[in-house]
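Note that the protein sequences, when read in sequence, are chains C and L. Under my numbering, the residue at position 103 of the first sequence is numbered 92, and the numbers go up by one with no gaps. Count along the second sequence starting at 1, add 73, and that's the number in my numbering. Before any comments, here is the structure.
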Amino acid sequence: MSEGTKARPAWEVGDELEERVLPPVTRLQLIKYAGASGDFNPIHTIDEAAEEAGLPGVIAHGMLTLATMGLLFSPHLEHGYVKELKARFSGMVFLGDELIIGGRVANTEDAEDGRLYTFEMYASKGESTVASGKVGFLVYED
Amino acid sequence: MPFERFVGHRSEAVVNVVEKGAVRKFVEAIGDPNPLYVDEEAAKRSCHGGLIAPPTFPRTFEYGKIEGMDWPEAGMIHGEHRVSYESRPLRVGDEVYCYTEFKSYDEKESRGGLLGLVVLERFGEGPGGERLFTMSDTAIVTPALRKTLEA
């Protein structure tokens, strides 16, 4: 096995993914994400635009927070893929915020080409949740 | 509000190609440099048979304009996102025919005033018309933005 290769995952309901603590959000990161995603809504990069929209400062793209939920499944991509992802944004993420991402298995079921694991996911800062939702990860059969 | 009249309207499909460089820039921005996104050799040997794109990548595509609709980008807040893939992840090189439908517009009272909720569905299909993914996004029109729009 090459370095970083992981065994085929077989989760049970209730299993938790290892939490990830992300580095503090920076403006440069938001600028990079704006460029890479094509989402140039200025409330994510320009203070004045954020203030005009009634916000205390620029906020991170919700899709960037969601992308970091996908990050937790990155080590398992050799055996499957994220088939479903859904989330509701419930709090804003500002510059300097440190997000914690985690999830636990809520359901497992047989699917046409493997086994589908459904995770309840969260992204939080301190005690407050900024996004919560579900990820369906499909693990292919051998 | 200028949104109700667009409910049910669709854009013309636009072709997008999943480009290797675009995926690389995207995964750098989200901090997920998995070899299956960027390393062609590693990806070829994997169960995916080639480079793939991360699950949130379809938001980078063009979906065409719904006629007459000027999307007031500034000040719109993203409320919800859903994406589901039909049978496989997106692969680098995929040609994806994308279009959008204005699904619904609702309003609700909040502490800060009246909020507008716009739901857009977005679809990606392969060259043969087979569905690759379905996406749904809820955008919130804030009271501050509403003032700007109505001015």
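A virtual CB, placed ideally from N, CA and C, is assigned to each residue, including glycine. It should be emphasised that the depicted structure is a prediction, and the values quoted were computed from it without experimental measurement.
Whole-number beta carbon distance between residue j and residue i, since they are thought to touch under 8 Å
| i | j | result |
| --- | --- | --- |
| I89 (chain C) | V10 (chain C) | 5 Å |
| I103 (chain L) | T97 (chain C) | 27 Å between Cβ atoms; not a contact. |
| R204 (chain L) | E159 (chain L) | 5 Å |
| H50 (chain C) | Y22 (chain C) | 6 Å |
| V82 (chain C) | T54 (chain C) | 6 Å |
| V165 (chain L) | F206 (chain L) | With 8 Å as the limit, V165 (chain L) and F206 (chain L) do not qualify as a contact, their Cβ atoms being about 15 Å apart. |
| I139 (chain L) | S84 (chain L) | 5 Å |
| A95 (chain C) | V2 (chain C) | 7 Å |
| T129 (chain L) | M52 (chain C) | 6 Å |
Residues near residue i in its chain [Cβ-Cβ closer than 6 Å; skip 5 each side]
| i | result |
| --- | --- |
| K75 (chain C) | G122 and K123 |
| G80 (chain C) | S117 and V119 |
| E5 (chain C) | R93 |
| S26 (chain C) | none |
| D167 (chain L) | V91 |
| V192 (chain L) | K176, S177 and T211 |
| F62 (chain C) | V71 and F126 |
| M209 (chain L) | First, the residue type needs correcting, since residue 209 (chain L) is Ser and not Met in the sequence shown. Excluding residues within five positions, the ones whose Cβ falls inside 6 Å are R155 and E194. |
| P216 (chain L) | G185 and G186 |
| A116 (chain L) | L109, G123 and L124 |
Residue i in three-state terms, based on DSSP
| i | result |
| --- | --- |
| Y110 (chain L) | helix |
| L17 (chain C) | helix |
| T173 (chain L) | strand |
| S(-9) (chain C) | Because S(-9) (chain C) carries a pLDDT of 44, less than 50, the predicted location of this residue cannot be relied on, and no value is offered for it. |
| I125 (chain L) | strand |
| V91 (chain L) | coil |
| E8 (chain C) | coil |
| L163 (chain L) | coil |
| F99 (chain L) | helix |
| S84 (chain L) | coil |
| T34 (chain C) | coil |
| E135 (chain L) | coil |
| V2 (chain C) | coil |
| E140 (chain L) | coil |
| F76 (chain L) | coil |
| F130 (chain L) | helix |
| R118 (chain L) | helix |
| A(-4) (chain C) | coil |
| G104 (chain L) | coil |
| G27 (chain C) | coil |
Proximity test, residue i beta-carbon vs the ligand SAM heavy atom, cut-off 7 Å
| i | result |
| --- | --- |
| P45 (chain C) | In terms of ligand content, the structure shown is empty, and the ligand SAM therefore cannot be addressed. |
In DSSP terms, what residue i is bridged to
| i | result |
| --- | --- |
| H151 (chain L) | L:A212 |
| G202 (chain L) | G202 (chain L) is not bridged to any residue. |
| G186 (chain L) | L:S183 |
| E194 (chain L) | L:E174 and L:S209 |
| K123 (chain C) | C:K75 and C:E109 |
| Y158 (chain L) | L:F206 |
| Y129 (chain C) | C:G103 |
| E168 (chain L) | L:V90 |
7 Å Cβ shell around residue i - same chain, five flanking residues per side excluded
| i | result |
| --- | --- |
| L84 (chain C) | V14, T15, R16, G46 and V47 |
| E135 (chain L) | V87, N89 and C171 |
| Y129 (chain C) | H68, G69, D102 and G103 |
| I32 (chain C) | A38, A39, A42, L44, V47 and I48 |
| S(-9) (chain C) | Below a pLDDT of 50, predicted positions are generally treated as unreliable, and S(-9) (chain C), at 44, falls in that range; the measurement from the model is reported next regardless. No residues qualify anywhere along the chain. |
Cβ-based neighbour list, residue i, same chain, cut-off 8 Å, excluding 5 preceding and 5 following
| i | result |
| --- | --- |
| K181 (chain L) | L187, L188 and L190 |
| I20 (chain C) | T34 |
| V100 (chain L) | P106, N107, Y110, V111 and P127 |
Threshold first: 3 residues or longer. Then list the beta strand (DSSP E) segments lying entirely within the segment 43 to 120 of chain C, N to C. 69 to 78, 89 to 100 and 103 to 114
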